[in-house]
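Participant:
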Amino acid sequence: MNGASRVAPGARSLAEVLAEVEARLVAEQSSASGASMRARELVAAVLDRAPASIVHDKQRDGTVSASDAERIASAIDRLQRGMPFAYAVGTAAFRHLTLHVDERVLIPRPETELLIDHVLRLTAGTTGGLAVDIGTGSGAIALALAQEARFDRVIATDISADALDVARDNARRLAALLYSPLEFRIGADLAPLCRESVSMLVSNPPYIAYTEAHALPALVRNWEPPTALFAPDEGMARYAALLRGAPELLAPGAWVVLECDSRRAQATADLARAVGAYADIQVYDDLTGRPRILVARFPG
2 MNGASRVAPG ARSLAEVLAE VEARLVAEQS SASGASMRAR ELVAAVLDRA
52 PASIVHDKQR DGTVSASDAE RIASAIDRLQ RGMPFAYAVG TAAFRHLTLH
102 VDERVLIPRP ETELLIDHVL RLTAGTTGGL AVDIGTGSGA IALALAQEAR
152 FDRVIATDIS ADALDVARDN ARRLAALLYS PLEFRIGADL APLCRESVSM
202 LVSNPPYIAY TEAHALPALV RNWEPPTALF APDEGMARYA ALLRGAPELL
252 APGAWVVLEC DSRRAQATAD LARAVGAYAD IQVYDDLTGR PRILVARFPG
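End of the sequence shown sits at 301 in the numbering used here; the numbers just go up one at a time, nothing left out.
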């Protein structure tokens, strides 16, 4: 800073803010170092910054505006009420994007990012066509497809109007990063896609059986939207609807890429085989070695 630099009224030292955050979090951590790391992550997430930049600015006597300090304090309040971290800070990372999230949508998971890897592998060197994300939630999959792949269009659907509000907000904020035009439609399963010709159908559908609710972590069971978690028929209902209905919409040579419950991945592959319309049906593991991604081709 030079001598002419001025600190905004009400601004506080970043070091002071971090110290207060650490003090409030230390009771929830097994060590002070754990609270320190969590504090950096929380402040960085609220300010939409990288944690490394927070450390850098702290060392250079950086400041935090009064409004940002209030936002950080509110995030800690939410975290200490038991809210998941992503909801408390209001953001979640997904591939190259930072998404706004709240209790209206599922928190994007790292394993879901693998869906995009498989889409990019299957479409390498090609452009065009229509990609569809069924059950878009925050818009994570659809936005990543619109940014990283080269489709003519991407359609994102959801049964929840509240979820689509979140997804549309994310699309507006991230519009400058997107290659493909993105459209949002409301409805269950494949109903919003009447008369479309789909080249790539992607989904992370609800796949937890209602009888398994008690085994979920409290952060999931008590906070995340049930419509994004649970499905009838022991978690298989949405897979059945998608795999049985998709052939009416898929273009010749189209692909279906689904995230699966690792406990039901083989059953989902068996369901795809039983439909009789698909070829090259494969189940791929996630980074922990659990079966996670179903890929199937529609010969037409």
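Built from N, CA and C at the ideal position, the CB exists for glycine as well.
No experiment lies behind these values; they were computed from the predicted model shown.
Just to confirm, is the Cβ distance from Ala46 to Thr92 under 7 Å?
Facilitator: Yes, the Cβ-Cβ distance between Ala46 and Thr92 is below 7 Å.
Participant: Is the beta carbon of Ile108 sitting closer than 7 Å to the one on Val203?
Facilitator: No, the pair does not count as a contact, with Cβ atoms beyond the cut-off.
Participant: Check whether the segment 74 to 87 touches the segment 154 to 172, counting contact only when three or more Cβ pairs, one atom from each stretch, lie closer than 8 Å.
Facilitator: Taking 8 Å as the limit for Cβ pairs, the verdict is that the segment 154 to 172 does not touch the segment 74 to 87.
Participant: Are there 16 or more other CB atoms within 10 angstroms of the CB of Ala89, so buried, or fewer, so exposed?
Facilitator: Counting Cβ neighbours within 10 Å, Ala89 comes out buried, since at least 16 surround it.
Participant: Can you give me the Cβ contacts of Phe95 inside the same chain, cut-off strictly under 7 Å, excluding the 5 residues immediately before and after it?
Facilitator: Closer than 7 Å at Cβ, skipping near neighbours: Pro109, Glu114, Ala141 and Ala145.
Participant: Considering only C-alpha positions, which residue in the set Leu259, Ile282, His97 and Val167 is nearest to Ile187?
Facilitator: Closest by alpha carbon: Val167.
Participant: Taking only three categories from DSSP, how would you classify Thr269?
Facilitator: Looking at Thr269 - three-state DSSP - the assignment turns out to be helix.
Participant: Spatial neighbours of Asp287 within its chain, please: C-beta separation below 8 Å, excluding the five flanking residues on both sides.
Facilitator: The residues are Glu112, Leu115, Ser263, Arg293 and Ile294.
Participant: How many Å lie between Gly246 and Ala270 at the Cα?
Facilitator: Rounded to whole angstroms, Gly246 to Ala270 spans 15 Å at the Cα level.
Participant: For Cys195, count neighbouring Cβ atoms within 10 angstroms of its own Cβ and tell me buried if that reaches 16, exposed if not.
Facilitator: It counts as exposed.
Participant: If you reduce the DSSP assignment to three classes, tell me which class Gly236 lands in.
Facilitator: Coil.
Participant: Check Ser31 in the structure and name its three-state DSSP category.
Facilitator: Note that Ser31 scores a pLDDT of 49, beneath 50, so its modelled location is shaky and nothing firm can be said.
Participant: Rounded to a whole number of angstroms, what is the C-alpha to C-alpha distance between His57 and Ala16?
Facilitator: Cα to Cα, His57 sits roughly 11 Å from Ala16.
Participant: What separation, rounded to the nearest whole angstrom, lies between the Cα atoms of Cys261 and Tyr208?
Facilitator: C-alpha separation (whole angstroms): 7 Å.
Participant: Can you check DSSP and say which residues form a bridge with Ala303?
Facilitator: With the chain represented from 2 up to 301, any question about residue 303 goes unanswered, as that position is not in the structure.
Participant: So what does DSSP say about Pro85, is it helix, strand or coil?
Facilitator: In this structure, Pro85 counts as coil in the three-state DSSP scheme.
Participant: So if DSSP puts Tyr285 in a beta bridge, which residue, or which two residues, is it bridged to?
Facilitator: Tyr285 pairs with Ile294.
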